[in-house]
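Just below is one structure, and these are the notes that go with it.
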Amino acid sequence: MRSTVPVPGSREIARVIADWFSRGARDLPWRREAVGDPGVRRDPYRVLVSEIMLQQTQVSRVVERFDPFLAHFPTIDRLAEADEASVLAAWSGLGYYRRARLLHAAARHIQREHDGRIPTDPARLAELPGVGRYTAGAVACFAFGASVPIVDGNIARVLFRVFDRRAVQGDAADMRWAWETADQIVRASSGHVPIPAINEGLMELGATVCVPGEPRCSRCPLAALCAGGAAGTANQIPSPRKTTARKSVFCSTALIMDRRGRILLERRPSPGMWSLMWQAPTLEREGVRRHAGAARFAAWLGVGVSALERLARFRHQTSHRTVHFECWRVRLDASQARPISASRRWVEPGELPGIGLSSPQARMIASAFSASSPRRGSPRARTLPR
Numbered sequence: 016m017r018s019t020v021p022v023p024g025s026r027e028i029a030r031v032i033a034d035w036f037s038r039g040a041r042d043l044p045w046r047r048e049a050v051g052d053p054g055v056r057r058d059p060y061r062v063l064v065s066e067i068m069l070q071q072t073q074v075s076r077v078v079e080r081f082d083p084f085l086a087h088f089p090t091i092d093r094l095a096e097a098d099e100a101s102v103l104a105a106w107s108g109l110g111y112y113r114r115a116r117l118l119h120a121a122a123r124h125i126q127r128e129h130d131g132r133i134p135t136d137p138a139r140l141a142e143l144p145g146v147g148r149y150t151a152g153a154v155a156c157f158a159f160g161a162s163v164p165i166v167d168g169n170i171a172r173v174l175f176r177v178f179d180r181r182a183v184q185g186d187a188a189d190m191r192w193a194w195e196t197a198d199q200i201v202r203a204s205s206g207h208v209p210i211p212a213i214n215e216g217l218m219e220l221g222a223t224v225c226v227p228g229e230p231r232c233s234r235c236p237l238a239a240l241c242a243g244g245a246a247g248t249a250n251q252i253p254s255p256r257k258t259t260a261r262k263s264v265f266c267s268t269a270l271i272m273d274r275r276g277r278i279l280l281e282r283r284p285s286p287g288m289w290s291l292m293w294q295a296p297t298l299e300r301e302g303v304r305r306h307a308g309a310a311r312f313a314a315w316l317g318v319g320v321s322a323l324e325r326l327a328r329f330r331h332q333t334s335h336r337t338v339h340f341e342c343w344r345v346r347l348d349a350s351q352a353r354p355i356s357a358s359r360r361w362v363e364p365g366e367l368p369g370i371g372l373s374s375p376q377a378r379m380i381a382s383a384f385s386a387s388s389p390r391r392g393s394p395r396a397r398t399l400p401r
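Here it is in C-alpha cells:
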C-alpha cells in the first residue's frame, strides 16, 4: 500500500538539490570547467570518457585511471587514431573492456562523421557506439548545459525514495517512471534552476547520501521533503530483483618464461569474456566443479607433470561469472621454448604496459616475474597480491 504522505513539488526538489550540490560537490577530475569556449561548460571529451568509465565501475577506481588514460589520449583525435591494443592497455584496471572498444569506435565515428567535434544534440550523441540515452543526456547536459533529464541507478533510487515508489531494482516500468519524473523536474525548473546542477546533484546525492541499503537520512538535504523517509520505507526502496546464480569458470594458466626472460602470451578468442585480449596460455573449463589438475593440464600443454610448479589459486568476480584461477609456472627446455601457434608470441617485460591484459592476468604475470627464481620443496598454492 502506498504512503499518503504528501510529496514535494518538482521545482522545490530542484532548488534544494542544486543549492546543496553547489556547496558540497566532490572535486572530481572530469568536473573541471572548460576554458576558452563560451558555449561549453566542461570539456565534452573529458565528460564522455568519464561517463563511459563510470558505467559499472566505482568512482574511486575511475579517479585512479582517468588522468593516466587522458595522458595517453589527451584528445578525441588521438584516441581515434590509436590502435585498439594501446586503448585496451590504457584501460587496464577498469574492467568491462567492451566499453573501451566502444569508446574507441565512438571516437572514430566522431572523427569521421563530425570532423572531430563531439555533437551537442542528445539525439546525435545517442548515435555513437556505446552511448545510450543516459550517457547522451549526461554529455549534452554536463558539457553543453542542455536542459535534458538523465537517470542512472543513483538518480532512480533517489526519486523512488523521495516519492515513496515501491520500485523493484532494474524493473523496466519503474525505470520509465523515473525518466518521466526526471523530465517533469527538468521541465518545471528550466529557466529557474540550472539543469546541470539538478542532474548532477541528484546523482551525487545517490552516490554519497541516499546510498543502497541504509540511506544516511540525517545528512540528506531532501529529508524534510522525502515521502519514503516519512513513511519509514526508504531503506526498503528499491527492493532487490531476483538474480540468477553466477556461472563458475575454472582456468588453469601457464606462466611460461624463456631464458631471455620473455613470457609467452596468447590472444583470447572473440566473442566472449575478455575478447581479443592477451593472456598467459590458459585452459578454460565451464560447467565443471574443479580445476583440470596437474596431469590433464600438463597433457594439454604437451609437457611432463614435472615441468609444472603451482604458484597460486584465487577467484575473480565478473558481472556474470566467478572465475577460479589456478596459476602454474612451467619450465621448458630450449626445444620447447617457442610459441605454439600464430596467436601466441613471446613478450618482453618492457612491452607489458602496452599489452591489453585483464586484471587477473596482470596479477598473475606480475607474480611470474616476482617469483622467477625456482623454489625448493613441494609447490604450495598461495594468494597473489592485489
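Its first residue numbered 16, the sequence shown is counted upward by one per residue in the numbering used here. Built from N, CA and C at the ideal position, the CB exists for glycine as well. In this text the structure is predicted, and so the values were computed from the model without any measurement.
Compare the C-alpha of Trp361 against each of Leu326, Ala295, Glu324 and Arg328 and name the closest.
-> Within the sequence shown, residue 361 is the residue found at index 346, counting from 1. Nearest option by C-alpha distance: Ala295.
Mapping DSSP to helix, strand and coil, what is Trp45?
-> Residue mapping note: residue 45 aligns to position 30 of the sequence shown, counting from 1. Looking at Trp45 - three-state DSSP - the assignment turns out to be helix.
Report buried or exposed for Val166, applying the criterion of at least 16 other Cβ atoms within 10 angstroms of its Cβ.
-> Sequence index remark: in the sequence shown, residue 166 carries index 151 (1-based). Buried, since its Cβ has 16 or more Cβ neighbours within 10 Å.
Would you mind stating whether Ile252 and Phe157 have Cβ atoms separated by less than 7 angstroms?
-> As a position in the sequence shown, residue 252 is number 237, starting the count at 1. As a position in the sequence shown, residue 157 is number 142, starting the count at 1. Not closer than 7 angstroms, so no.
Validate contact between the segment 100-115 and the segment 123-133 using beta carbons, cut 8 angstroms, 3 pairs = no
Skipping 5 residues on each side, what residues in its chain have a beta carbon closer than 7 angstroms to that of Ser162?
-> What you label residue 162 is simply residue 147 of the sequence shown in a count that begins at 1. Around Ser162: Val201, Ser205 and Ile210.
Would you check if there are 3 or more beta carbon pairs closer than 8 angstroms linking the segment 306-321 to the segment 232-247?
-> no
For Phe81, the nearest candidate out of Gln71, Arg61 and Arg26 (CA to CA) = Start at 1 with the first residue of the sequence shown, and residue 81 comes out as number 66. The shortest C-alpha separation from Phe81 is found at Arg61.
Reference Arg344, options Met288, Met379 and Ile370, closest by Cα = As a working mapping, residue 344 is identified with position 329 in the sequence shown. Ranking the options by Cα distance to Arg344, first place goes to Met379.
So, Arg123 versus Gln184, is the Cβ gap smaller than 7 angstroms?
-> Position 108 of the sequence shown, counting from 1, holds the residue named residue 123. Position 169 of the sequence shown, counting from 1, holds the residue named residue 184. Not a contact, by the Cβ cut-off of 7 angstroms.
Use the C-beta contact count for Asn250: other C-beta atoms within 10 angstroms, 16 or more gives buried, fewer gives exposed.
-> Along the sequence shown, one-based indexing puts residue 250 at 235. Answer is exposed; the Cβ neighbour count stays below 16.
Count the other CB atoms within 10 Å of the CB of Arg38; is the residue buried (16 or more) or exposed (fewer)?
-> Translated into the one-based positions of the sequence shown, residue 38 becomes position 23. Looking at its Cβ environment, which holds fewer than 16 other Cβ atoms inside 10 Å, Arg38 is exposed.
Going by CA-CA distance only, name the one from Arg328, Trp106, Val55 and Glu96 that's closest to Ile370.
-> For the purposes of this step, residue 370 is taken as the residue at position 355 of the sequence shown. When only C-alpha atoms are compared, the closest one is Trp106.
List in chain order: all unbroken alpha helix (DSSP H) runs of 4+ residues lying wholly within the segment 147-196.
-> 148-159 and 168-177
C-beta atoms of Thr8 and Arg283 nearer than 7 angstroms | The question about residue 8 has no answer, for the chain in this structure spans 16 to 401.
Where does the unbroken beta strand (DSSP E) through Leu326 begin, and where does it stop?
-> The residue given as residue 326 occupies position 311 in the sequence shown. Leu323 to Gln332 is the extent of the beta strand (DSSP E) around Leu326.
Give me the Cα-Cα distance between Trp289 and Arg330, rounded to the nearest whole angstrom.
-> What you label residue 289 is simply residue 274 of the sequence shown in a count that begins at 1. What you label residue 330 is simply residue 315 of the sequence shown in a count that begins at 1. Approximately 16 angstroms between the Cα atoms of the pair.
Report buried or exposed for His207, applying the criterion of at least 16 other Cβ atoms within 10 angstroms of its Cβ.
-> For the purposes of this step, residue 207 is taken as the residue at position 192 of the sequence shown. The residue in question, His207, is exposed, as its Cβ has fewer than 16 Cβ neighbours within 10 Å.
So, do the segment 178-197 and the segment 86-96 have three or more beta carbon pairs nearer to each other than 8 angstroms?
-> no
Helix, strand or coil: how does DSSP classify His207 here?
-> On the sequence shown, position 192 is the one that residue 207 refers to. Reduced to three states, the DSSP call for His207 is coil.
Counting along the chain, where does the beta strand (DSSP E) carrying Ser267 start and finish?
-> Taking the sequence shown and counting its residues from 1, the one referred to as residue 267 is at position 252. Per DSSP, Ser267 belongs to the beta strand (DSSP E) from Lys262 to Ile271.
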